[in-house]
Amino acid sequence: MLDARVRPLIDPPLNRMGRGLAKLGLTADGVTLIGLAFGLLGALCIAVHLYGPALALILLSRLADGLDGAVARATHPSDFGGYLDIVSDFLFYGTIPLAFAIAAPEQNALAAGFLLTSFYVNGTSFLGFAILAEKRGIETDAQGEKSLYFSNGILEGTETIAFFVLICLLPQLFAPFAWIFGTLCFATAILRVIAARRIFKP
């Protein structure tokens, strides 16, 4: 919901940083994998109750996630780069609820399972929408220049990052926050399916 408003603010500095990284010889795919490594290390920190370091690593991961596209735009964007980026994002997003379940299984496991299911459904609705949009030749740059169609929703990248920051700051409240966020993920998926029925009708 907030991505379209945030992109005009963050894209100019990210693009400047991306050009600098490209001059240093870093590739977009390399930045994607560095961001994924930061995110996985953050999840590992959560699993062992190191929430402060986890938060720092998650923020570094999301910074890299913004920079990989900027590096690609400064060099040579590729379809594989976009594919690697979305696969890395989904892996990262999935490890955070899993890490909270490992950290406190009796308190968090059920809520984490619900949240992961909502991520799965929401991600499927997102990728399916992108495939049909590509098939129909529908394009958008509301969330910035992307290699695939990014449909909007109640929850997008900005809200997810804010949620991860919140649960790292207040890990004892993971379960109630996960139930709320997961419910909103399901609502986002349902609304996207309704939009797809309207847009992609025969």
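All you need for the working numbering is the position in the sequence shown, starting with 1, plus 12. Don't be surprised by glycine CBs; every beta carbon is placed ideally from N, CA and C.
* **Boundaries (first-last residue) of the alpha helix (DSSP H) holding Gln-119** => 117-148
* Asked: Nearest to Phe-186 by alpha carbon, out of Gly-149, Phe-141, Leu-127 and Arg-209?
  -> Leu-127
* **Cβ neighbour criterion (16 or more within 10 Å) applied to Val-60** => exposed
* **Whether Leu-96 touches Ala-55 by CB criterion (8 angstroms)** => no
* Asked: Which class does Thr-87 belong to by DSSP, given the choice of helix, strand or coil?
  -> Assigned with DSSP and collapsed to three states, Thr-87 falls in coil, not helix or strand.
* Evaluate Thr-195 with the Cβ neighbour count: other Cβ atoms within 10 Å of its Cβ, from every protein chain shown; 16 or more gives buried, anything less gives exposed. => Its Cβ having fewer than 16 others within 10 Å, Thr-195 is exposed.
* Could you name the residues of the same chain whose beta carbon sits closer than 7 angstroms to that of Ala-201, not counting the 5 residues immediately before and after it, in chain order? => Val-133, Asn-134 and Ser-137
* **Buried or exposed by the 16-neighbour rule on C-beta atoms within 10 Å, applied to Asp-80** => buried
* To do: Within 10 angstroms of the Cβ of Ile-70, are there 16 or more other Cβ atoms? Answer buried if so, exposed if not.
  => Taking all protein chains in view, the Cβ of Ile-70 is crowded by 16 or more other Cβ atoms within 10 Å, so the residue is classified as buried.
* So what's Ile-166 in DSSP terms, helix, strand or just coil? -> coil
* If you drop the 5 nearest sequence neighbours on each side, which residues of the same chain put their C-beta closer than 6 angstroms to that of Trp-191? -> Hits under 6 angstroms: Ala-123.
* **Those runs of the alpha helix (DSSP H) which lie wholly inside the region 24-95 and span at least 4 residues** => 40-59 and 63-86
* Asked: Less than 8 angstroms separating the beta-carbons of Arg-31 and Ile-173?
  -> In this structure, Arg-31 sits away from Ile-173, with a CB-CB distance that is not shorter than 8 angstroms.
* May I have the straight-line CA-CA distance separating Leu-26 from Glu-168, to the nearest angstrom? => 19 angstroms
* Asked: Given Pro-188, which residues of its chain have a CB within under 8 angstroms of its CB, disregarding the five upstream and five downstream residues?
  -> Ala-123
* To do: Say whether the region 37-47 touches the region 79-94, bearing in mind that this needs 3 or more beta-carbon pairs closer than 8 angstroms, one atom from each stretch.
  => Judged by Cβ distances under 8 angstroms, the region 37-47 makes contact with the region 79-94, as three or more pairs qualify.
* Asked: Distance, Cα to Cα, Pro-117 vs Glu-171?
  -> 25 angstroms
* To do: Have a look at Lys-147 and Arg-28 and give me their C-alpha separation to the nearest angstrom.
  => 33 angstroms
* To do: Taking Arg-85 as the reference, give the member of Ile-150, Ala-34, Ala-208 and Ile-206 with the closest Cα.
  => Among Ile-150, Ala-34, Ala-208 and Ile-206, the Cα nearest to that of Arg-85 belongs to Ala-34.
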